[in-house]
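S.K.: Sequential numbering from 14 applies to the sequence shown in the numbering used here.
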Amino acid sequence: MFGKYFRQIRSNKNFTQVYVCQEIISRTALSKFENEKNSVTLHTAICLLNKIDMSFDEFLYVCNNFKFQEKQLILAKYFSIVDDLSTNQVIKIIHLGELYLKKQYDQLIFDITVILKNSLKFQTIVPDNDSDNSEILIIWKRLAEMEQWYLIELKLINSILFVLPREIAYD
Numbered sequence: 014m015f016g017k018y019f020r021q022i023r024s025n026k027n028f029t030q031v032y033v034c035q036e037i038i039s040r041t042a043l044s045k046f047e048n049e050k051n052s053v054t055l056h057t058a059i060c061l062l063n064k065i066d067m068s069f070d071e072f073l074y075v076c077n078n079f080k081f082q083e084k085q086l087i088l089a090k091y092f093s094i095v096d097d098l099s100t101n102q103v104i105k106i107i108h109l110g111e112l113y114l115k116k117q118y119d120q121l122i123f124d125i126t127v128i129l130k131n132s133l134k135f136q137t138i139v140p141d142n143d144s145d146n147s148e149i150l151i152i153w154k155r156l157a158e159m160e161q162w163y164l165i166e167l168k169l170i171n172s173i174l175f176v177l178p179r180e181i182a183y184d
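(1) Can the beta-carbon of Met14 be found closer than 8 Å to that of Cys76?
(2) Quick one: what's got a C-beta closer than 7 Å to Lys45's C-beta in the same chain, skipping five residues either side?
(3) Which residue's Cα is closest to the Cα of Met67: Ile22, Ser39, Glu36?
(4) Ile152 and Asp124: beta carbons closer than 8 Å?
(5) Can you tell which of Asn48, Glu47, Val103, Phe69 has its C-alpha closest to the C-alpha of His56?
(6) Buried or exposed for Ile128, going by 16 or more other Cβ atoms inside 10 Å?
(7) Report the rounded CA-to-CA distance for Glu71 versus Asn48, giving the unit in angstroms.
(8) Residue range of the alpha helix (DSSP H) that Glu71 falls in?
(9) Measuring only the C-alpha atoms, how far is Lys105 from Thr29?
(10) Look at Ile94 and Gln102 and say whether their C-beta atoms are less than 8 Å apart.
(11) Locate the alpha helix (DSSP H) running through Thr41, then write down its first and last residues.
(12) Would the beta-carbon of Leu156 fall within 8 Å of that of Glu148?
(13) To which residues of the same chain is Ser117 closer than 8 Å at the C-beta, ignoring the five residues directly before and after it?
(14) Given that a residue counts as buried once 16 or more other Cβ atoms are within 10 Å of its Cβ, and exposed if not, what is Leu109?
(15) Under the rule that 16 or more other beta-carbon atoms within 10 Å means buried, what is Leu164, buried or exposed?
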């Protein structure tokens, strides 16, 4: 399935097979991939996508008929609220997250739902040291135990930093 979409995108962008496969794979291997007769490694796929100026996320979006997959939709909406934090938007994302979690558990979607519920709580009251942020502390504990943080974890930390106790936030 991916090869078919890759061929379609490559053709739409007017890139030849010769241009795309330069120093990545043979033209024959590219042809087999595009005709669904062979697959390529993840490294090769990323190199091919770079050659046609497309991110992996955009490629998956195109493969999904120009729609976000359910989890990606929640993530995109969540990270877009940084610019426009309206209560209605937050409530909609919480609802999407809860619906998703009823179908299947996902730690990231669970964390986002908890963070958003807490952000609503802090929008309606003045945050103080007595506020119950135990769910946020559970998220922080899980993140703090990680050996390495990646972009998604940094975004989560950025989202909860304002409710963490000072001694944790300053660490």
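Quick reminder that beta carbons are idealized off the backbone N, C-alpha and C, glycines included. Quick caveat: nothing in here was measured; it's all calculated off a predicted structure.
M.R.: Considering the structure as presented:
(1) yes
(2) Asn51
(3) Ile22
(4) yes
(5) Phe69
(6) buried
(7) 21 Å
(8) 69-76
(9) 44 Å
(10) yes
(11) 40-47
(12) no
(13) The sequence given here places Gln at residue 117; Ser does not occur at that position. Excluding positions up to five away in sequence, the list is empty.
(14) buried
(15) exposed
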